[in-house]
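Visitor:
2 protein chains.
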Amino acid sequence: MERVTMADVAKEAGVSKSTVSQFLNNRFEYMGEKTKIKIEEAISKLGYQPNYIARSLKQKRTSMVGIIVANIMHRFSTEVSRAIEDFFHKHDLHAIVCNADDDPLKEKKYIEMLRAKQVDGLIIFPTGHNTDLYKSMIKEGYPVVFMDRKVSHLEAFSVVTDNLESTYQAIRELINRGNQKIAFAVQPLTISTRIERLEGYKKALLDSGFEINPDFVLEASISEMKKRLDKLFLLKDRPTALFAANDRVFLEVVEFLQIKGIKLGSEIDLIVFDNIPFAHLIESPISFIIQPAFEMGNKAAELLFDQINKTDAGPKEFVFPSKVLFR
Amino acid sequence: MERVTMADVAKEAGVSKSTVSQFLNNRFEYMGEKTKIKIEEAISKLGYQPNYIARSLKQKRTSMVGIIVANIMHRFSTEVSRAIEDFFHKHDLHAIVCNADDDPLKEKKYIEMLRAKQVDGLIIFPTGHNTDLYKSMIKEGYPVVFMDRKVSHLEAFSVVTDNLESTYQAIRELINRGNQKIAFAVQPLTISTRIERLEGYKKALLDSGFEINPDFVLEASISEMKKRLDKLFLLKDRPTALFAANDRVFLEVVEFLQIKGIKLGSEIDLIVFDNIPFAHLIESPISFIIQPAFEMGNKAAELLFDQINKTDAGPKEFVFPSKVLFR
DNA sequence: TTGAAAGCGCTAACAG
DNA sequence: CTGTTAGCGCTTTCAA
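Chains as they are written, first to last, in full-length UniProt numbering: chain A, 1 to 327; chain B, 1 to 327.
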């Protein structure tokens with residue numbers, strides 16, 4: 001396979017390799033009509049397929065960009081990827097998705113392999129644990145856009161949502177609805193989104209004149225979460241509302257409530273920060289904070305595209321507001 | 001960027017390019033210990049990163065496989081991709097995902113680009129409209145596995161689920177539960193899964209002594225689906241159960257029922273053939289047919305891996321049973 | 001145990 | 001308007 005090469009086409013058409021190359025790259029300015037036709041015929045006769053590897057070696061471009069998602073099963077990631085794909089498809093670049101699986105080592109491996117494979121740029125949902133690598137890419141001027149999570153102490157192109165602000169609004173609304181006791185469940189504070197959401201929660205409470213009750217802040221890994229919820233609901237002073245900081249936490253919370261037979265709405269208000277598929281089909285009165293994934297993906301793609309073409313200018317950080325959907 | 005090349009390392013270490021190459025490929029058999037150390041030092045000093053494009057050009061391998069999903073927003077696709085990724089990660093190959101977006105042209109473009117980029121093999125969720133392309137790949141002996149959908153008249157490696165059988169079981173169960181009037185909603189019958197599911201539906205009805213009521217078979221595009229549902233529910237003889245042939249149809253159905261205020265469970269039984277995220281959180285009495293995505297992905301990866309290594313043998317088609325979850 | 005040399009298939013000046 | 005030439009960065013005989 002991949003037997004026939006440019007040289008074969010050239011011989012078949014009775015021209016030189018470079019003329020064929022011109023043809024392939026649509027440089028028709030100075031090409032004779034007959035030459036063109038001869039080459040066309042030779043190509044289809046031989047079933048010639050260009051070898052882009054060879055071209056890339058020469059051009060040092062691959063017309064390919066990489067997306068490294070933290071978790072391909074995460075709805076937000078797929079929505080963003082879809083938008084990025086759309087953008088680049090329009091601009092004749094190919095987008096490929098790699099799954100870092102929330103594993104810094106895998107992330108590193110994929111970054112290195114994509115760079116070694118000479119992809120023209122990278123959009124990364126950073127695990128946050130490869131700062132040196134991020135830094136070196138940026139220092140080298142390699143096109144990169146960070147998505148969803150901020151990387152501290154790094155002046156880089158990034159597209160995120162207003163985690164703090166949206167959470168703040170949501171918590172304020174819960175308070176306005178009469179909730180005095182609001183709990184907050186989050187995974188370990190290793191990435192910016194979680195930290196900012198927690199800050200929004202705290203700020204809203206303080207601004208409303210409440211204190212932060214440490215018993216109401218559940219910071220735990222997924223495997224620990226149910227235990228922590230159990231403790232929470234054994235308190236004599238049970239919360240009346242619960243904020244799940246992302247979809248995985250949400251899943252644990254709902255499973256927990258189902259097991260315990262705690263009724264959503266009547267016994268507890270639930271709100272989740274994440275894009276949940278089929279969310280609007282869920283009949284329970286759950287509220288959602290939804291990130292504008294398509295807009296964010298599109299902006300990230302645009303930022304990357306401009307870097308690749310050295311036309312980037314203007315601000316580096318874009319913050320998109322999320323939508324708070326109360327029910 | 002990508003400034004330092006093998007020649008630089010060679011010069012720095014005071015050896016020749018080929019010795020560095022040997023080193024990089026772990027051919028230590030005849031290499032002196034001091035040489036090894038010198039090269040190691042040179043590499044880290046210069047921060048050398050090998051250029052895999054150049055290597056691939058020579059070796060005609062990229063250690064990269066492609067996954068072309070029909071739709072990256074489809075839960076089943078992401079679950080399968082995740083499993084494939086895991087498998088290849090263990091075997092030191094990289095998996096990249098491309099989104100054909102249910103568009104045969106995009107599919108063709110991605111197949112061609114991935115092949116031109118010399119990926120070592122492809123796992124495809126076929127749109128079904130590029131038969132010639134599929135055929136030529138197989139004829140050339142290029143490693144391919146088809147996933148989810150069958151391609152007719154093609155003896156190829158494929159991994160699918162038992163669409164007909166699972167649907168048959170599900171419909172029989174609905175009948176056993178006393179449903180006499182069961183409707184079936186499906187998108188246009190352009191791919192095998194839809195056709196087989198419809199066949200399962202018909203067979204189950206006939207085997208139970210019912211006739212096929214054409215008014216109860218809604219074959220329509222997503223944009224037409226609600227209209228068709230409207231007509232269906234205006235019949236004096238309303239169905240008591242409805243089968244949604246996949247997640248997109250399911251979405252339309254549930255939205256429709258919500259709009260019309262038709263109550264699930266009491267007024268209509270609903271069953272959907274697809275992996276729905278958070279399905280178990282949906283409190284409405286909806287039944288699901290769930291494909292074993294991880295097992296299927298793993299098997300597909302294995303089949304591709306064996307083809308790449310020319311160790312493929314045994315059967316070419318694998319059919320995995322889906323699980324019917326009644327509620 | 002290491003190095004020289006010949007490509008892999010294509011592109012990009014520069015001549016002609 | 002088309003051909004010659006010189007690589008891109010790496011691998012791989014084959015000699016030394």
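Note that CB positions come from ideal geometry on N, CA and C, so glycine has one too.
Nearest chain B C-beta to Gln307/A closer than 8 Å, yes or no?
Guide: no
Visitor: Opposite Ala241/A in the DSSP bridges: which residues?
Guide: Ile182/A, Asp269/A
Visitor: Who are the Cβ neighbours of Met1/B in its own chain at under 7 Å, not counting the five residues just before and after it?
Guide: With a pLDDT of 49 at Met1/B, under the threshold of 50, the modelled position of that residue is not reliable, and the figure given next carries that caveat. Hits under 7 Å: none found.
Visitor: Could you give the DSSP three-state label for Ala95/A: helix, strand or coil?
Guide: DSSP, read as helix, strand or coil, puts Ala95/A in strand.
Visitor: Do you know how far the Cα of Asn71/B is from the Cα of Ala301/A?
Guide: Cα to Cα, the separation comes out at about 19 Å.
Visitor: Go ahead and pull the three-state DSSP assignment for residue 385/A.
Guide: Any answer about residue 385/A is impossible in this case: the structure gives chain A only from 1 up to 327.
Visitor: Does the beta carbon of Arg82/B sit closer than 8 Å to a beta carbon anywhere in chain A?
Guide: yes
Visitor: In angstroms with no decimal places, state the Cα-to-Cα distance between Gly14/B and Ser152/B.
Guide: 60 Å
Visitor: Between the alpha carbons of residue 359/A and Gln169/B, how many angstroms are there, rounded?
Guide: Because chain A spans 1 through 327 in this model, residue 359/A falls outside it and cannot be assessed.
Visitor: Taking just the CA atoms, how far does Ala245/B sit from Thr190/B?
Guide: 13 Å
Visitor: Looking at C-alpha atoms only, which residue of His129/B, Gly209/B, Gln118/B, Phe278/B is the closest neighbour of Lys60/B?
Guide: Gln118/B
Visitor: For Ser21/B, return the contacting residues in chain A, with the cut-off set at a CB-CB distance below 8 Å.
Guide: Those within 8 Å of Ser21/B in chain A number zero; the least Cβ separation is about 15 Å.
Visitor: So that I know if they touch, is there some Cβ in chain B lying closer than 8 Å to that of Phe157/A?
Guide: no
Visitor: Compare the Cα-Cα distances from Asn298/A to each of Ala100/A, Ile123/A, Pro104/A and report the closest residue.
Guide: Ile123/A
Visitor: Kindly indicate which three-state DSSP category Thr161/B falls into: helix, strand or coil?
Guide: strand
Visitor: Helix, strand or coil for Val119/B, going by three-state DSSP, please let me know.
Guide: coil
Visitor: Counting along the chain, where does the beta strand (DSSP E) carrying Ile289/A start and finish?
Guide: 286-290
Visitor: Could you name the residues of chain B that Gln118/A contacts, counting a contact when the two beta carbons are closer than 9 Å?
Guide: By Cβ distance, chain B contributes Glu2, Asn51, Tyr52, Ile53.
Visitor: Between Gly128/A, Phe23/A, Tyr48/A, Ile96/A, which has its C-alpha nearest Ile37/A's C-alpha?
Guide: Phe23/A
Visitor: Can you tell which of Val144/B, Asn179/B, Ala7/B, Ile222/B has the C-alpha that lies nearest to the C-alpha of Leu46/B?
Guide: Ala7/B
Visitor: For the segment 277-298 of chain B, which residues have a beta carbon sitting closer than 7 Å to at least one beta carbon of chain A?
Guide: Pro277, Phe278, Leu281, Ile282, Glu283, Ser284
Visitor: Per DSSP, what are the beta-bridge partners of Ile68/B in this structure?
Guide: Cys98/B, Ile124/B
Visitor: Based on the DSSP secondary-structure assignment, which residues constitute the bridge partners of Leu325/B?
Guide: Beta-bridge pairing links Leu325/B to Phe288/B.
Visitor: Against chain B, does Asn213/A count as a neighbour if the rule is that its beta carbon must be under 8 Å from one of theirs?
Guide: no
Visitor: Looking only at its chain, what residues have a beta carbon closer than 8 Å to the beta carbon of Leu218/B, apart from the 5 residues adjacent to it on each side?
Guide: Ala183, Phe184, Ala185, Val186, Met225, Arg228, Leu229, Leu232
Visitor: Can you give me the Cβ contacts of Thr240/B inside the same chain, cut-off strictly under 6 Å, excluding the 5 residues immediately before and after it?
Guide: The beta carbon of Thr240/B sits closer than 6 Å to those of Asn179, Lys181, all from its chain and outside the five residues before and after it, given in chain order.
Visitor: When you compare each of Ile111/B, Lys109/B, Phe256/B, Leu242/B to Phe273/B by their alpha carbons, which one comes out closest?
Guide: Taking only the C-alpha atoms, the option nearest Phe273/B is Leu242/B.
Visitor: Between Gly121/B and Gln307/B, which are expected to be in contact by the criterion C-beta below 8 Å, what is the C-beta distance as a whole number of angstroms?
Guide: Contact annotation, Gly121/B with Gln307/B: C-beta distance approximately 6 Å; criterion of less than 8 Å satisfied.
Visitor: Are the C-beta atoms of Lys34/A and some chain B residue less than 8 Å apart?
Guide: no
Visitor: Give me, in chain order, the residues of the same chain whose beta-carbon lies closer than 6 Å to that of Leu164/A; leave out the 5 immediate sequence neighbours on both sides.
Guide: Glu196, Glu199, Gly200
Visitor: DSSP three-state label for Met73/A, please.
Guide: Three-state DSSP puts Met73/A in coil, outside helix and strand.
Visitor: Measure from the alpha carbon of Ala95/A to the alpha carbon of each residue in Glu317/A, Phe305/A, Phe216/A, then state which is nearest.
Guide: Phe305/A
Visitor: Given a threshold of 16 other Cβ atoms within 10 Å of its Cβ, counted over all protein chains shown, does Leu114/B qualify as buried or as exposed?
Guide: buried
Visitor: Please state the DSSP three-state secondary structure of Val80/B.
Guide: helix
Visitor: Using only alpha-carbon positions, find the residue among Phe87/A, Pro188/A, Thr167/A that is nearest to Gly128/A.
Guide: Pro188/A
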